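A.B. asks: Below you will find the structure I want to go over with you.
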Amino acid sequence: MIQDDSEKRRAIEEAMDWLLRLKADPDCPQAARDVEDWLARAEINRAAWRDALKAWDALGEVRPRHADLWPARPVATLPRRSRKPLAAGIALALAAALLFVLAAPALMIWLQADFRTGTGESRMVTLADGSAVNLSADSAIDVELTPEGRHVRLLAGQAFFDVAHDGRRPFTVEAGNARVVVLGTAFDVALDDAATTVQLARGVVGISGEGETHAVAEMAPGDMATVDGATGAITRATVPLEEIGAWRSGLLFVNDVTVDSVVARLQRYHSAWISVPDRTLGRQRVTGLYDLRDPDRALKALVKPHGGKVRSISSYTRIVSRY
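Take a look at the structure:
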């Protein structure tokens, strides 16, 4: 389900980016041919294109030239209103299109979560057993404490756990297909569409990954383990202790991860929607330290070394590309 939603979201992002390119350069025949090639690749692209056009039409916007490259069922449009600035129309169209794929998963997380945070918000939660959980922005957890054990599911985002020692009741954290088991320790867990990352600050933990393989590893302080979201394979690395959970002080440290992964984390601190339709740019791997208190500056610092630029379509939208 997560993978399907991720693919739909990516296709919607690409469709809206193609519309923006056609709007910005209506007389470019190559852009038209590129869009047609993209549409021909997969049905999910054509479905996303139809959704994007529906949102565009419903807002009374004039379709860019060549927008009807692929036959789509006509849709009813609202009476044309007075022309609004293009940027505002684009922002509304993006929001409307994304509603198709984002509303249901977000609602499910909201219903399951015992504790959650909003965009740019962090929260410290003390559980009934005395354990402390520091939730990052746009994050959510589901908690179950019983006489036999303590179980937390990270439903979205990132959290730093400082677990109260209890030799009789192990403390288990599940995030995606990763599972961490401890008795008393401190560690950070970050969940995104592609992988789950665990960084250990204190104590010893066991981590396992469920998927095509069943990988198990033991971690010591300063260890970082990344569990692949598709295969369950575990990749090991080390990280300076002082940088574990650095987001609690407004800093984001990443080590050999993709641009897409970092953008997903910055998104939790940015009120605007961020799109990276350039797949080559999104797959570039980076290591660095970024300031979460200024997500726009962090976004520019992230992509500039790879030739990327950040376009502010409006206060609600950022498009990251190399053109």
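Whatever position you read off the sequence shown (first residue = 1), add 419 for this note's numbering.
Backbone N, C-alpha and C fix where the C-beta goes; we use that ideal spot for every residue, glycine too.
Owing to the predicted nature of the structure, the values given are computational and were not obtained by experimental measurement.
(1) Would you say valine 673 and valine 722 are within 8 Å of each other, going by their C-beta atoms?
(2) Please report the distance separating the alpha-carbon of isoleucine 463 from that of glutamate 661.
(3) Put valine 658 into one of helix, strand or coil per three-state DSSP.
(4) Suppose you measure from the CA of tryptophan 692 to the CA of glutamine 686; what does that come to, to the nearest Å?
(5) For valine 705 and alanine 683, I'd like the C-alpha separation in whole angstroms.
(6) Would you tell me roughly how many angstroms separate the C-alpha atoms of valine 658 and serine 734, rounded to the nearest one?
(7) Pairing CB atoms from the region 647–657 with CB atoms from the region 616–632, are three or more of them under 8 Å?
(8) Within its chain, find whatever has a CB closer than 6 Å to the CB of alanine 551; leave out the 5 residues flanking it on each side and keep chain order.
(9) Does DSSP classify threonine 545 as helix, strand or coil?
(10) Let me check understanding here. Comparing Cα to Cα, which of Ala559, Gly622, Arg712 lies closest to glutamate 593?
(11) Tell me whether isoleucine 431 sits in a helix, a strand or coil according to DSSP, three-state version.
(12) If you count every other CB in all the chains shown that lies within 10 Å of the CB of methionine 638, and 16 or more means buried, which is it?
(13) Between the C-alpha atoms of alanine 644 and aspartate 607, what's the straight-line distance to the nearest angstrom?
(14) Quick check on glutamine 618: does DSSP put it in helix, strand or coil?
(15) Closest by CA to proline 483, which one among Asp611, Lys442, Asp446, Leu458?
(16) Taking the alpha carbon of leucine 574 as the point to measure from, which residue in Thr615, Leu671, Ala620 has its own alpha carbon closest?
(17) What number of angstroms, rounded off, separates the C-alpha of arginine 621 from the C-alpha of valine 571?
(18) Please list the terminal residues of the continuous beta strand (DSSP E) segment that includes glycine 707.
(19) For my contact list, aspartate 700 and arginine 737 are in at a C-beta cut-off of 8 Å; report their separation, rounded to the angstrom.
(20) Grab me the residues of arginine 561's own chain with a C-beta within less than 8 Å of its C-beta, minus the 5 sequence neighbours each way, in chain order.
(21) I'd like the list of long-range same chain contacts for leucine 718, defined as Cβ closer than 8 Å, with 5 residues on each side in sequence excluded.
(22) How is valine 682 classed by DSSP in three states: helix, strand or coil?
(23) Using only the alpha-carbon positions, how far apart do glycine 727 and histidine 633 sit?
(24) Span of the alpha helix (DSSP H) holding aspartate 715?
(25) According to DSSP, what are the bridge partners of glutamine 531?
(26) Which residues in the same chain have their Cβ closer than 6 Å to the Cβ of glycine 648, if we skip the five residues on either side of it in sequence?
(27) My assumption, with CB atoms under 8 Å, is that glycine 568 sits in contact with arginine 598. Please give the rounded CB distance.
(28) Closest to serine 731 by C-alpha separation, out of Arg429, Asp436, Ile431, would be which residue?
C.D. replies: On the basis of the coordinates in this document:
(1) Counting from 1 along the sequence shown, the entry for residue 673 is found at position 254. Counting from 1 along the sequence shown, the entry for residue 722 is found at position 303. It is not a contact, given that the beta carbons lie outside the stated cut-off.
(2) The residue labelled residue 463 in the question sits at position 44 within the sequence shown. The residue labelled residue 661 in the question sits at position 242 within the sequence shown. Whole-angstrom Cα-Cα distance: 43 Å.
(3) Against the sequence shown, residue 658 aligns to sequence position 239. In this structure, valine 658 counts as coil in the three-state DSSP scheme.
(4) For the purposes of this step, residue 692 is identified with residue 273 of the sequence shown, where counting begins at 1. For the purposes of this step, residue 686 is identified with residue 267 of the sequence shown, where counting begins at 1. Taking the straight line joining both Cα atoms gives about 7 Å.
(5) To locate residue 705, count along the sequence shown from 1; it is residue 286. To locate residue 683, count along the sequence shown from 1; it is residue 264. Valine 705 and alanine 683: Cα-Cα distance of roughly 14 Å.
(6) For the purposes of this step, residue 658 is taken as the residue at position 239 of the sequence shown. For the purposes of this step, residue 734 is taken as the residue at position 315 of the sequence shown. Cα to Cα, valine 658 sits roughly 35 Å from serine 734.
(7) Touching, yes.
(8) In the sequence shown, counting from the first residue as 1, residue 551 sits at position 132. When the five nearest sequence neighbours on each side are left out, the beta carbons in the same chain lying within less than 6 Å of the beta carbon of alanine 551 are those of Thr545, Asp581, in order along the chain.
(9) As a working mapping, residue 545 is identified with position 126 in the sequence shown. Of the three classes helix, strand and coil, the one that applies to threonine 545 here is strand, per DSSP.
(10) Taking the sequence shown and counting its residues from 1, the one referred to as residue 593 is at position 174. Closest option to glutamate 593, Cα to Cα, is Ala559.
(11) Here residue 431 refers to the residue found at position 12 when the sequence shown is read from its first residue. Helix.
(12) Residue 638 sits at position 219 when you count from the first residue of the sequence shown. With 16 or more other CB atoms across the displayed protein chains lying within 10 angstroms of its CB, methionine 638 is buried.
(13) Residue mapping note: residue 644 aligns to position 225 of the sequence shown, counting from 1. Residue mapping note: residue 607 aligns to position 188 of the sequence shown, counting from 1. So the alpha carbons of these two residues sit roughly 11 Å apart.
(14) Residue mapping note: residue 618 aligns to position 199 of the sequence shown, counting from 1. Glutamine 618: strand per DSSP, three-state reduction.
(15) As a first step, residue 483 must be located in the sequence shown, where it is residue number 64. Closest by alpha carbon: Lys442.
(16) Counting from one through the sequence shown, the residue named residue 574 turns up at place 155. Of Thr615, Leu671, Ala620, the residue nearest in Cα terms is Thr615.
(17) Working through the sequence shown from its first residue, we reach residue 621 at position 202. Working through the sequence shown from its first residue, we reach residue 571 at position 152. Approximately 19 Å between the Cα atoms of the pair.
(18) The sequence position of residue 707 within the sequence shown is 288, counting from 1. Where glycine 707 is concerned, the enclosing beta strand (DSSP E) stretches over 704–710.
(19) What you label residue 700 is simply residue 281 of the sequence shown in a count that begins at 1. What you label residue 737 is simply residue 318 of the sequence shown in a count that begins at 1. It is leucine, not aspartate, that sits at residue 700 in the sequence shown. The distance from the Cβ of leucine 700 to that of arginine 737 is about 13 Å, inconsistent with a contact at the 8 Å cut-off.
(20) Here residue 561 refers to the residue found at position 142 of the sequence shown. Per the sequence shown, the amino acid found at residue 561 is aspartate instead of arginine. Only Gln531, Ala532, Asp533, Val571, Arg572, Leu574 meet the Cβ criterion.
(21) Position 299 of the sequence shown holds residue 718. Val682, Leu685, His689, Ile693, Val729, Arg737, Val739.
(22) For this step, residue 682 is matched to residue 263 along the sequence shown. In the structure shown, the three-state DSSP call for valine 682 is helix.
(23) Numbered from 1 along the sequence shown, position 308 holds the residue referred to as residue 727. Numbered from 1 along the sequence shown, position 214 holds the residue referred to as residue 633. Counting only the Cα atoms, histidine 633 lies some 37 Å from glycine 727.
(24) Stepping through the sequence shown from its first residue, residue 715 is reached at position 296. In the DSSP assignment, aspartate 715 falls within the unbroken alpha helix (DSSP H) covering 714–722.
(25) Here residue 531 corresponds to residue number 112 of the sequence shown, with the count starting at 1. Its beta-bridge partners do not exist; DSSP assigns none.
(26) Working through the sequence shown from its first residue, we reach residue 648 at position 229. The residues are Gly595, Ala613, Ala614.
(27) As a position in the sequence shown, residue 568 is number 149, starting the count at 1. As a position in the sequence shown, residue 598 is number 179, starting the count at 1. Contact flag wrong, Cβ pair sits at about 13 Å.
(28) The count along the sequence shown starts at 1 and reaches residue 731 at position 312. Between serine 731 and the set Arg429, Asp436, Ile431, the nearest pair of CA atoms involves Asp436.
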